[in-house]
Amino acid sequence: MSAGAQAYAFYREVSKHGVVWVIAYSSGGAKTVGTKESRLMPLWSSRRRVERIIATVKGYSDGGSPLKVSWADFKSDWVPVISSQDISVGVNWAGPNATGFDMSVELVVRQVEAIAKNGRIGA
1 MSAGAQAYAF YREVSKHGVV WVIAYSSGGA KTVGTKESRL MPLWSSRRRV ERIIATVKGY
61 SDGGSPLKVS WADFKSDWVP VISSQDISVG VNWAGPNATG FDMSVELVVR QVEAIAKNGR
121 IGA
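Note that this note's numbering has the sequence shown beginning at 1, numbered continuously upward.
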């Protein structure tokens, strides 16, 4: 499945089920990748997707586990922090290297909300 198809599946599944998934650690942090200047936080739309990455991609099996976050909590609690720290997000990264689209968290919120409201992506 292409990165575009993975992103669309993310928007659709999150709008339908009302949850996002991250890799979380017992220390309370969530998985981010990249450099100090350019960090990314991967997000997934299902437990199955995040478990597959943890099980198959080196660097993602470092002690983290799937954490389910309600969409409401994600928007109210996570988005302001992610945005203030200038972290981009990756949605439904897949494949042997866990790759896909990276974008602003605000764009992800707009796309999920557009699907929930109109049944299609809005720009």
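Yeah, the Cβ is synthetic: ideal placement off N, Cα and C, and Gly gets one too. Note that the structure is a prediction, hence the values are computed from the model and not measured.
Report the CB separation of residue 13 from residue 45 in whole angstroms; it is logged as a contact under 8 Å. For residue 13 against residue 45, the beta-carbon gap comes to about 4 Å, under 8 Å, which counts as contact.
Would you report the Cα separation of residue 96 and residue 47, rounded to the nearest angstrom? 18 Å
Name the two residues that bound the continuous alpha helix (DSSP H) containing residue 69. That residue, residue 69, is in no alpha helix (DSSP H); its beta strand (DSSP E) goes 65-70.
My output table needs one value for residue 76: the three-state DSSP class, helix, strand or coil. helix
Any idea what DSSP makes of residue 87, helix, strand or coil? Correct three-state label for residue 87: coil.
Residue 3, DSSP secondary structure in three states: helix
Can you say whether residue 42 is buried or exposed, counting buried as having 16 or more other CB atoms within 10 angstroms of its CB? buried
Which residues in the same chain have their Cβ closer than 6 Å to the Cβ of residue 123, if we skip the five residues on either side of it in sequence? Any answer about residue 123 is weak, because its pLDDT of 48 lies below 50 and its placement is not dependable; what the coordinates show is given next. Around residue 123: no qualifying Cβ.
In the DSSP assignment, the alpha helix (DSSP H) including residue 55 goes from what residue to what residue? 47-56
Alpha carbon to alpha carbon, what distance is there between residue 6 and residue 101? 8 Å
Could you tell me how far apart the beta carbons of residue 33 and residue 74 are, in whole angstroms, since I believe they sit closer than 8 Å? Not confirmed; about 19 Å, so no contact.
Are residue 88 and residue 104 close, meaning C-beta to C-beta below 8 Å? yes
Let's test the definition: count the other Cβ atoms within 10 Å of the Cβ of residue 81 and tell me whether it reaches 16, buried, or not, exposed. exposed
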